[in-house]
Amino acid sequence: MFAVTYEPLDPAPLVDAVRRDESGAVALFYGVVRNENMGRSVQYLEYDVYPEMAVKKMREVADEVRAKYPITGIGVLHRVGRLEIGETSLLVAVSSAHRVAAFEACHFAVDRIKQVVPIWKKEVWEDGEEWIEGHMPGSERTEAGE
Amino acid sequence: MFAVTYEPLDPAPLVDAVRRDESGAVALFYGVVRNENMGRSVQYLEYDVYPEMAVKKMREVADEVRAKYPITGIGVLHRVGRLEIGETSLLVAVSSAHRVAAFEACHFAVDRIKQVVPIWKKEVWEDGEEWIEGHMPGSERTEAGE
Amino acid sequence: MITVSVRLFAGLHQLIGEREIEMQLPDGATVAVLRDTLGARHPIVEALLPTLVCAIDEEYVESSQVLANGDRVALIPPVSGGAHALLDVRANPSAEGG
Amino acid sequence: MITVSVRLFAGLHQLIGEREIEMQLPDGATVAVLRDTLGARHPIVEALLPTLVCAIDEEYVESSQVLANGDRVALIPPVSGGAHALLDVRANPSAEGG
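Chains as they are written, first to last, in the numbering used here: chain A, 1 to 146; chain B, 1001 to 1146; chain C, 2001 to 2098; chain D, 3001 to 3098.
Here's what the structure looks like:
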C-alpha cells in the first residue's frame, strides 16, 4: 500500500496490508505536525506533492528496503494539503519475522522517503511562512512573509 | 497508558495518549503472533501474566527510557490469554520531537519489556506445546506434550 | 506456623493446576524453605524450582528472605527475554519473534 | 517551435500562481533553455531556478536533455531531506522533525 492523500491517515489498513503470517513484528512510524521548528512557533503546515512521482518513489524506496533487510512487508501513506498541529503527515509500516529488522528497516525507509519523495512542506507562523526545501536560495524571500 | 488486557489491542488511543504538541514523530511497535518459531509450525499462543507486577514493571521501563532518551511520551499495552496467528500481543508507542529518538527509544523499550515484564507465552503446535521461559529445565518435559 | 498464599504462573500454574495455593510453613521460614516445601508437595514441579524467583508485594526478593504470616508470594518463572538477570539467577533469552 | 507543459510545485507554484503552464520553446531546446526562459518570463522565481531539477514522465532528467513537442515537464524543488543528491545538484537537508 503506497498512497498520497488529502484525507486523514488511517494506520489500521496499512498495518493489515503489510502483515503476513510469518511476521512477528510490525514497526509503524508516524510523522506528526509539531508546534515548533528551529525555535519558531508553527501554526500549521501545508504540504505540496507531485503525486504520480511521489508514489513511484515510495515504491522504489520499498524495493531498496526489501533488498537491504529481511522484511515481510512494507507500506507508505503520506497526507498532503493543510495539516494542523498533532495531525499525522506520514505513516511508514514495515513487518518482519523479528523486531530488529522491522525497526531498522522502518527507520531506514523513513530516512529515504524524506530524501527522495517529491513532497514539500510549508511552515506557517504567526508572522510569515516558508517552504522547507533544503534551504533553497529563495527561502530568505519567503521568510519575509510574502 | 500502561495496561494488560485479555481483549484485542487498539493502537489509536495509545498513540493519542503518548503524543504531545511537541512531538514530531511517534514510533509504534506491534508484537504479532507468527506462524512459525524455531522451525516449528505454531497453532496459537497462550500468554500468562502476573498483572499487578507487569504494569509496575512497564512503568519502570518507561522511567528508564525517559532517563535515557529525549522522548515526549511512552505507553505500553500487552494482551494475554489465547492469541491466534496474526493477532497483536504487544504495543509499545514512543513519541519524540525527532524520529531518531522515537525509533531508538521504542526499540530499547521493547527489548527491556521482554526482559523484565512478568508475562510468559506458551507455544502450541499440532503435536505438543511449550512454555517459552528462557529455556527453563522443565521445558523438555512440556515439549513431550503434556 | 505461618500461612502464606502462593501465586503460580505459566508452566508452574499448568503443572499444579491452581492459580493460587496456601502453604503452612514453620516460623522463620525463608523463600528457600517455601520452594523446598512446594517441591516436596508437588514433585512434578521440582525441576522448575531452581529457575523461579520470588516476589512479595510486587517486589523481587532473595531466597534468604524470611516470610511473614499472611504474605502473598508470587513464584515467577524466567521471562523469555531474561528477567532473571535482575537477580543473577539465570538469563537464557529464547529466540523469539516480535 | 515546440510546446511543452510545465508543472510547478511548492514555492514555485506559489510564486507563479499556477499549477501548470504552457511554454513555447525553439526546436532543440534543452531543460536549461526552459529554465532560462521561465526565469525571463517570471523574474520572481529566478533565484529558485538553479536549485530545481526536472522530470519528464516521472523520471529525473539532466539539464542537457533535449525537449520534445508535447513533453510534460515537472520542475522539482529540493526535497527537505535532500532529494537532489540523486542528481548531484545540491543536498542541504533541513533540520526537520519527524
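C-beta atoms are modelled at their ideal positions from N, C-alpha and C, and glycine is treated no differently.
Check, Outcome
"CA-to-CA distance, residue 2034/C to residue 2012/C, given in whole angstroms", "14 Å"
"Residue 3013/D at chain A interface by Cβ criterion, 8 Å", "yes"
"Counterpart residues of residue 2054/C in DSSP-defined beta bridges", "2061/C, 2075/C"
"Distance between beta carbons of residue 98/A and residue 17/A, contact taken as under 8 Å", "Actually they are not in contact, since the Cβ atoms of residue 17/A and residue 98/A sit about 20 Å apart, beyond 8 Å."
"Rounded C-alpha distance that separates residue 2056/C from residue 96/A", "38 Å"
"Cβ contact (3+ pairs, closer than 8 Å) linking the stretch 1056-1075 of chain B and the stretch 51-66 of chain A", "no"
"Burial state of residue 3098/D, where buried means 16 or more other Cβ atoms lie within 10 Å", "The predicted position of residue 3098/D is uncertain, since its pLDDT is 43 and thus under 50; a value taken from the coordinates is nonetheless stated next. Its Cβ being crowded by 16 or more others within 10 Å, residue 3098/D is buried."
"Residue 1047/B vs residue 1120/B beta-carbon contact at 8 Å", "yes"
"Cutoff 8 Å: residue 43/A Cβ touching any chain D Cβ", "no"
"Extent of the continuous alpha helix (DSSP H) run through residue 1064/B", "1051-1068"
"Beta bridge counterpart(s) of residue 2023/C as assigned by DSSP", "2004/C"
"Whether residue 1041/B touches residue 1125/B by CB criterion (8 Å)", "yes"
"C-alpha distance - residue 1038/B paired with residue 1030/B, whole-angstrom precision", "20 Å"
"Sequence-distant residues of its chain with Cβ nearer than 8 Å to residue 1032/B (five each side left out)", "1086, 1087, 1088, 1089"
"Listed by chain order, chain A residues near residue 1107/B by CB distance under 7 Å", "103"
"Per-residue DSSP class, three states only, for residue 1137/B", "In this prediction, residue 1137/B scores a pLDDT of 30, lower than 50, which makes its location untrustworthy; no coordinate-derived value is stated."
"Boundaries of the alpha helix (DSSP H) in which residue 34/A is found, first to last residue", "Note, residue 34/A: premise wrong, no alpha helix (DSSP H); not H, not E."
"Contacts around residue 3071/D, its chain only, beta-carbon distance under 6 Å, and the 5 residues preceding and following it disregarded", "3004, 3056"
"Members of the stretch 69-98 of chain A that neighbour chain B once the beta carbon cut-off is set at 7 Å", "85, 86, 97"
"8 Å Cβ cutoff, residue 3058/D in contact with chain A", "yes"
"Per-residue contacts from residue 2026/C into chain B (C-beta, under 9 Å)", "Chain B residues near residue 2026/C: none, gap ~27 Å exceeds 9 Å."
"Cβ of residue 7/A within 8 Å of any chain B Cβ", "no"
"Residues that residue 3076/D contacts on chain A, provided the C-beta gap is smaller than 7 Å", "50, 118"
"Residue 2043/C burial status per 10 Å Cβ neighbour count (16 or more: buried)", "exposed"
"Interface residues of chain B facing residue 19/A [CB-CB closer than 7 Å]", "1032, 1086"
"Interface flag, residue 3079/D vs chain A, CB-CB below 8 Å", "yes"
"Cut-off 8 Å between Cβ atoms - residues of its own chain near residue 3030/D, not counting five sequence neighbours on either side", "3063, 3064, 3065, 3066, 3067"
"From 128/A, 123/A, 118/A, 129/A, residue whose alpha carbon lies closest to that of residue 3059/D", "118/A"
"Residue 1094/B vs residue 1003/B beta-carbon contact at 8 Å", "no"
"Residue range of the alpha helix (DSSP H) that includes residue 3012/D", "3010-3016"
"Partner residues on chain E for residue 128/A, Cβ-Cβ distance less than 8 Å", "In summary, chain E is missing from the structure at hand, where the protein chains are A, B, C and D."
"Residue 2041/C - containing alpha helix (DSSP H), residue span", "2031-2041"
"Cβ separation of residue 3036/D and residue 3002/D, assumed to be a contact under 8 Å, to the nearest whole Å", "Contact doesn't hold; Cβ gap of about 15 Å is too wide."
"Contacts that residue 2055/C makes with chain B (C-beta to C-beta distance below 9 Å)", "1050, 1053, 1118"
"Cβ-based burial, residue 73/A [other Cβ within 10 Å; buried from 16]", "buried"
"Chain-order list of residues whose beta-carbon lies under 8 Å from that of residue 3032/D (same chain, five-residue window excluded)", "3063, 3064"
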